[in-house]
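Written below as structure tokens is the structure these notes are about.
In our numbering, the protein residues as written are 1081 to 1176.
This is how it looks when you write it as structure tokens:
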């Protein structure tokens, strides 16, 4: 596979809520999602979001999360089968 060519079929998005907004802003945004399901796992047909630092990587501790490059303001989003406009609208509402 040529790694210089972007893969258009990817549906996993990793984004950090930028400082100074930080972890509290990531949680606030996460809690405002309406269309996107809040989850700790992926692999569903519907769009889901997770904050790894307080879910899947919680037990690793701060040092472990640093080694895994999991900042406290990281939100992972797996886009499902919903219409893209619905997903975008939900993200804009949650970030607004």
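C-beta: ideal position from N, C-alpha, C; glycine also.
Keep in mind that this is a model prediction, so the values were computed, not measured.
Asked, Found
"Proximity of residue 1133 and residue 1113 at Cβ, strictly below 8 Å", "no"
"Through-space distance from residue 1153 to residue 1144, alpha-carbon basis", "15 Å"
"Enclosing alpha helix (DSSP H) for residue 1167 [first to last residue]", "1164-1175"
"DSSP beta-bridge partners of residue 1113", "Answer is none; residue 1113 lacks a bridge partner."
"Whole runs of the beta strand (DSSP E) within the segment 1119-1157, excluding any shorter than 3 residues", "1128-1130"
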